[in-house]
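There are 2 protein chains.
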Amino acid sequence: MDATRRTARRSTRQQRLVFEAVSTTRSHPTAEWVYEAVRRELPRVSLGTIYRNLQRLVEEGRLRSFERAGLTRYDADLELHDHFSCVRCGLLMDIPRAPEVLPAERRLRARGFAVEGRTLEFHGLCRKCRRGASSNG
Amino acid sequence: MDATRRTARRSTRQQRLVFEAVSTTRSHPTAEWVYEAVRRELPRVSLGTIYRNLQRLVEEGRLRSFERAGLTRYDADLELHDHFSCVRCGLLMDIPRAPEVLPAERRLRARGFAVEGRTLEFHGLCRKCRRGASSNG
DNA sequence: ATCAATAATAGGAATCCTTACTGATATGGA
DNA sequence: TCCATATCAGTAAGGATTCCTATTATTGAT
Chain W
1 MDATRRTARR STRQQRLVFE AVSTTRSHPT AEWVYEAVRR ELPRVSLGTI
51 YRNLQRLVEE GRLRSFERAG LTRYDADLEL HDHFSCVRCG LLMDIPRAPE
101 VLPAERRLRA RGFAVEGRTL EFHGLCRKCR RGASSNG
Chain S
1 MDATRRTARR STRQQRLVFE AVSTTRSHPT AEWVYEAVRR ELPRVSLGTI
51 YRNLQRLVEE GRLRSFERAG LTRYDADLEL HDHFSCVRCG LLMDIPRAPE
101 VLPAERRLRA RGFAVEGRTL EFHGLCRKCR RGASSNG
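Chains W and S are the protein sequences, given in the same order. Taken in order, the first sequence gives residues 1 to 137; the numbers are from this note's numbering. Taken in order, the second sequence gives residues 1 to 137; the numbers are from this note's numbering.
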């Protein structure tokens, strides 16, 4: 349509929509969720394309992925952060990461391991569920 | 066969062998691994039985489970510990957990969350892979 | 704009892990 | 022994993800 763009390097509409879907939510979406989102713009998109592009975006470092309850979830927030998950309602919340070095990491380094990163997730009851917890058991 | 045991509470040979398989290794085994191990003693055991008993043992609190690379892994070490995983060779190592309270946990509590536990995993290069890393890229 | 080369796509089949189902078997108590 | 109940082996079914192939889109050069 627009022949003036000479430098466009192999970025398809599908790829752009996949990235946009993940990066405009904070819900740590699954592939299925992304599929539904992209489908609203591009009804003929296939699930395989969603998976392939999610994979590629992770490899390129533009997304991160992690597993949870048997599903792979994706996250466009590359700022380092930890998680809190509520065991009752399933809320999965980001926690900004302070620049502290954990004692366990110091110990690993002292033993000769090259620590490159970490994943840290707390679980328990969120504020809302905590209020209902004492009365409902 | 042996009517003298009156108090045996519904513990089958299969269940015992499943627990034994997990509790005598440090390898965080998968269901498949446990299946192979139990099969050496009980060749006719079925994979469904392995899954069912692993699930039950987790519910009873005798085992823990977690996901990794699309597989569920089991662990009989109920002592709290964190993990280190080597991104090169796949080593998954336990790290004993010191009784420190992490700053992030303190912050969560201060905000009204009831923190019940955590999972913490570091990743990087183990000692062995680190030595090979500089020369092999 | 047209052409050839290359890469990505849609659609669906295949795969892998896990769970669910079913008839058979073992266990514990009366 | 006889009954009630739970677990089992075997297998079918399920769900998430990957793989395959013909088709379509994109790129660079003419």
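We treat Cβ as the ideally placed atom computed from N, Cα and C, and that holds for glycine.
Where residue i falls: helix, strand or coil (DSSP)
i, result
"proline 103/W", "helix"
"glycine 70/S", "coil"
"alanine 31/S", "helix"
"glycine 112/S", "coil"
"serine 23/W", "helix"
"glutamate 121/W", "strand"
"leucine 138/S", "Examination of residue 138/S is not possible in this model, given that chain S is present from 1 through 137 alone."
"threonine 54/S", "Per the sequence shown, the amino acid found at residue 54/S is leucine instead of threonine. Of the three classes helix, strand and coil, the one that applies to leucine 54/S here is helix, per DSSP."
"leucine 17/W", "helix"
"leucine 91/W", "coil"
"arginine 64/W", "strand"
"cysteine 86/W", "strand"
"arginine 130/W", "helix"
"leucine 78/S", "coil"
Rounded Cβ spacing between residue i and residue j (contact assumed at less than 8 Å)
i, j, result
"leucine 92/S", "histidine 83/S", "6 Å"
"threonine 30/W", "arginine 73/W", "6 Å"
"arginine 13/W", "leucine 42/W", "7 Å"
"glutamate 59/S", "proline 103/W", "Contact doesn't hold; Cβ gap of about 33 Å is too wide."
Within 8 Å, strictly: CB atoms of residue i and residue j
i, j, result
"glycine 124/W", "valine 87/W", "yes"
"glutamate 20/S", "phenylalanine 122/W", "no"
"leucine 63/W", "valine 22/W", "yes"
"leucine 80/S", "arginine 97/S", "yes"
Any chain S beta carbon closer than 8 Å to residue i
i, result
"proline 99/W", "no"
"cysteine 126/W", "yes"
"glycine 70/W", "yes"
"histidine 28/W", "no"
"arginine 13/W", "no"
"leucine 108/W", "yes"
"arginine 130/W", "yes"
"glutamate 41/W", "no"
"glutamate 32/W", "no"
"leucine 17/W", "no"
"glutamate 20/W", "no"
Rounded separation between residue i and residue j - CA only
i, j, result
"aspartate 75/S", "arginine 26/S", "8 Å"
"leucine 17/W", "tryptophan 33/W", "13 Å"
"lysine 128/W", "arginine 68/W", "22 Å"
"arginine 118/S", "threonine 119/W", "10 Å"
"serine 135/W", "glycine 90/W", "With a pLDDT of 48 at serine 135/W, under the threshold of 50, the predicted position of this residue should be treated as unreliable, and no value is reported."
"glutamate 116/W", "arginine 109/W", "10 Å"
"glycine 132/W", "arginine 107/S", "22 Å"
"phenylalanine 66/W", "histidine 28/W", "9 Å"
"arginine 130/W", "glycine 61/S", "23 Å"
"threonine 49/W", "aspartate 94/W", "28 Å"
"arginine 44/W", "tyrosine 51/W", "15 Å"
"glutamine 15/S", "serine 46/S", "12 Å"
"arginine 56/W", "alanine 114/W", "26 Å"
"arginine 40/W", "serine 85/W", "29 Å"
"tyrosine 35/W", "serine 11/S", "45 Å"
"cysteine 126/S", "cysteine 126/W", "36 Å"
Proximity test, Cβ basis, 8 Å: residue i and chain W
i, result
"leucine 47/S", "no"
"glycine 61/S", "no"
"alanine 178/S", "Look at the range of chain S in this structure, 1 to 137, and you will see that residue 178/S is not part of it."
"threonine 119/S", "yes"
"alanine 114/S", "yes"
"valine 87/S", "yes"
"aspartate 77/S", "no"
"alanine 104/S", "yes"
"aspartate 82/S", "yes"
"isoleucine 95/S", "yes"
"histidine 123/S", "yes"
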